[in-house]
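Everything below concerns the one structure shown next.
There are 2 protein chains.
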Amino acid sequence: MNISEAARRSGLSSKTIRYYEDIGLIAPARRADNGYRQYDPSQLDEMCFLARARNVGFDLEECRQLLALQRDSGRESRHARQLVLEKSAKLQQRIDELVAMRETLETMARRCRGDEGPECAILDDLACGKGGSR
Amino acid sequence: MNISEAARRSGLSSKTIRYYEDIGLIAPARRADNGYRQYDPSQLDEMCFLARARNVGFDLEECRQLLALQRDSGRESRHARQLVLEKSAKLQQRIDELVAMRETLETMARRCRGDEGPECAILDDLACGKGGSR
DNA sequence: CTAAACCTTCCCGTCGCTGGAAGGTCAAGC
DNA sequence: GCTTGACCTTCCAGCGACGGGAAGGTTTAG
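Quick mapping for you: the protein sequence lines, in order, are chains H and Y. With this note's numbering as the guide, the letters of the first sequence map in order to residues 1 to 134. With this note's numbering as the guide, the letters of the second sequence map in order to residues 135 to 268.
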């Protein structure tokens, strides 16, 4: 299987696969006589694994750790669980930040007439200490 | 007022102020005889504005538009309102994605024993089609 | 007189890729 | 045999929004 098929079946792009090889996340591929990368099913499995791990929010360093666990038959599942719980907490933190931003925006929008005139509660809110309506 | 005081009072860093000048987001500062940047209150106001706009999630291109509105006495407040509502919708979209990721992680964590053994529902979940527990 | 705390410009690194250039290879159709 | 198009390779550049740090000039306090 060459790279574009591996890409199609894993959900990564060919560029991403090469990049992951570059940074040592996946092992260098075996090469055909013409120099093309050749993949077997076990490498495809790792690419799928990475695609899924990325999709649930892990960064590449975390993916590296997860993949190391996946490869290690003597692993302890509590390590994987810890990574997941830490990531979940970080996501929650980020979610809270975004929710706070969104609430601020919604409040601003409610206070703004949003018409053809220049008077604008939003811009007044953003400009601190200029004698706006707060 | 030189750059570090402007930074302290606006909430931006000196680096960020210089960067914003570089990319044309704020006007080039007046220079003192020694070459130091000098700021007056109106420029400080713009920096505060930018710091706030960044804090509620606007990217620099959006900040540029907001600042243009802020500077334009003939603006129409509906334009600012539209930017805010669009940003709010984008944030909501991102929040939904992060919530979905977090839910996936929590589900994985619940299904994993998290002990000293190698059997791990998390890793099985991440590895697609390898005969895991789904 | 010296030390520290400013300031300047410049370039590199971050993260996770994506795009594109320049070139080699392969399979199909004429 | 020839062309066309779809692959593949490597390498380099860029994104956003800065931060770090080098190398050097300036100012202020003691």
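For each residue, glycine too, the CB sits at the ideal point set by N, CA and C. All values reported here derive from a predicted model rather than from experimental measurement.
What does a CB cutoff of less than 8 Å around residue i pick up in its chain, not counting 5 residues either side in sequence?
i	result
Q172 of chain Y	M135, N136, A163, R164, R165 and A166
L178 of chain Y	M135, A140, R143 and S144
I23 of chain H	L60
E237 of chain Y	none
For the putative contact between residue i and residue j, defined by C-beta atoms under 8 Å, what is the C-beta separation to the nearest angstrom?
i	j	result
C197 of chain Y	G145 of chain Y	C197 of chain Y to G145 of chain Y, Cβ: 14 Å. No contact.
L69 of chain H	A51 of chain H	In fact, because the Cβ distance is near 17 Å, the residues do not count as touching under 8 Å.
G269 of chain Y	E76 of chain H	Only positions 135 to 268 of chain Y appear in this structure, which leaves residue 269 of chain Y out of reach.
S222 of chain Y	L105 of chain H	4 Å
D249 of chain Y	R78 of chain H	6 Å
E46 of chain H	I26 of chain H	6 Å
L225 of chain Y	R94 of chain H	Not confirmed; about 11 Å, so no contact.
M242 of chain Y	D259 of chain Y	5 Å
In the DSSP assignment, find the unbroken alpha helix (DSSP H) run with residue i in it and report its ends.
i	result
R81 of chain H	S77 to R111
P175 of chain Y	P175 to N189
L67 of chain H	L60 to R71
A32 of chain H	That residue, A32 of chain H, is in no alpha helix (DSSP H); it is neither H nor E in DSSP.
L257 of chain Y	A255 to L260
Q137 of chain Y	In the sequence as displayed, the identity of residue 137 of chain Y is Ile instead of Gln. Run containing I137 of chain Y: I137 to S144, per the alpha helix (DSSP H) assignment.
S14 of chain H	S14 to D22
Among the residues of its own chain, which have a CB less than 7 Å from the CB of residue i, if the five just before and after it don't count?
i	result
C112 of chain H	C120, A121 and I122
L217 of chain Y	E196, Q199 and L200
E155 of chain Y	P162 and A163
N34 of chain H	none
E86 of chain H	none
In chain order, what residues of the same chain lie with their CB nearer than 6 Å to the CB of residue i, ignoring the 5 residues before and after it?
i	result
S14 of chain H	I3, S4 and A7
L66 of chain H	A53
Y36 of chain H	N2
D40 of chain H	none
Grouping DSSP H, G and I as helix and E and B as strand, with all else coil, what is residue i?
i	result
G265 of chain Y	Per-residue confidence for G265 of chain Y stands at a pLDDT of 41, beneath the threshold of 50, marking its modelled position as unreliable; the derived number appears in the next sentence. It is coil, neither helix nor strand.
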